[in-house]
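Q: The structure that follows is given in the form of structure tokens.
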């Protein structure tokens, strides 16, 4: 089910429309996993394994609201707000497999990011 939620986040977070969620001082203490996801933004799938070039190859005719930036913002925001980060396998192979399954599903459902 998180694939559907992430797809919705991609739509919401397309381009510069995505706002970063920051915890206010009055909010409850974040869990260690959430803090880890916050700290590891630099280790996002978009900075390690999935590039703009790969996105453009997979979906050369992608139309708004789908974009590489929107996808990356959605992944980062998902990981900031959830205790279990998406695409967070123990090895690069596991991360690639999870990403491939996700992209295969959403590219099919969205007609290669055109619907």
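Numbering (our numbering), first residue to last: 47 to 161. No residue lacks a Cβ here, since even glycine has one placed at the ideal position from N, Cα and C.
Could you tell me the alpha carbon to alpha carbon distance between residue 161 and residue 138, rounded to whole angstroms?
A: Here residue 161 is taken as the residue at index 115 of the chain shown, counted from 1. Here residue 138 is taken as the residue at index 92 of the chain shown, counted from 1. Answer to the nearest angstrom: the Cα atoms are 30 Å apart.
Q: What is the DSSP secondary structure of residue 128, reduced to helix, strand or coil?
A: By 1-based counting over the chain shown, the position of residue 128 is 82. Coil at residue 128, not helix or strand.
Q: Residue 149 lies in the alpha helix (DSSP H); which residues open and close that run?
A: If you number the chain shown from 1, residue 149 lands on position 103. Counting along the chain, the alpha helix (DSSP H) containing residue 149 begins and ends at 138–155.
Q: Excluding sequence positions up to five away, which residues of its chain have a Cβ less than 8 Å from the Cβ of residue 109?
A: Stepping through the chain shown from its first residue, residue 109 is reached at position 63. The answer, listed in chain order, is 159 and 160.
Q: Exposed or buried, residue 70, counting other C-beta atoms within 10 Å across all chains shown (16 or more means buried)?
A: Residue numbering aside, residue 70 sits at position 24 when the chain shown is read from its first letter. Residue confidence is low: residue 70 scores 33 on pLDDT, short of 50, so the model does not pin down where it sits. Its coordinate-derived value is still stated next. Residue 70 is exposed by the Cβ-count criterion.
Q: Between the C-alpha atoms of residue 157 and residue 149, what's the straight-line distance to the nearest angstrom?
A: Numbered from 1 along the chain shown, position 111 holds the residue referred to as residue 157. Numbered from 1 along the chain shown, position 103 holds the residue referred to as residue 149. Straight-line Cα distance between these residues: approximately 11 Å.
Q: Please state whether DSSP places residue 95 in a helix, a strand or coil.
A: The residue you call residue 95 lines up with position 49 of the chain shown. Residue state, collapsed to three classes: coil.
Q: Given a cut-off of 8 Å on the beta-carbon distance, is the pair residue 91 and residue 141 in contact?
A: Mapped onto the chain shown, residue 91 falls at position 45. Mapped onto the chain shown, residue 141 falls at position 95. For residue 91 and residue 141, yes; Cβs fall inside 8 Å.
Q: For a test of the three-state rule: what should DSSP assign to residue 83, helix, strand or coil?
A: On the chain shown, residue 83 is found 37 positions in, with the first residue counted as 1. Here residue 83 scores only 41 on pLDDT, less than 50, and its place in the model is too uncertain to base an answer on.
Q: Taking the C-alpha atoms as reference points, what is the distance between residue 114 and residue 120?
A: Looking up residue 114 in the chain shown gives position 68. Looking up residue 120 in the chain shown gives position 74. Computed Cα separation, rounded: 10 Å.
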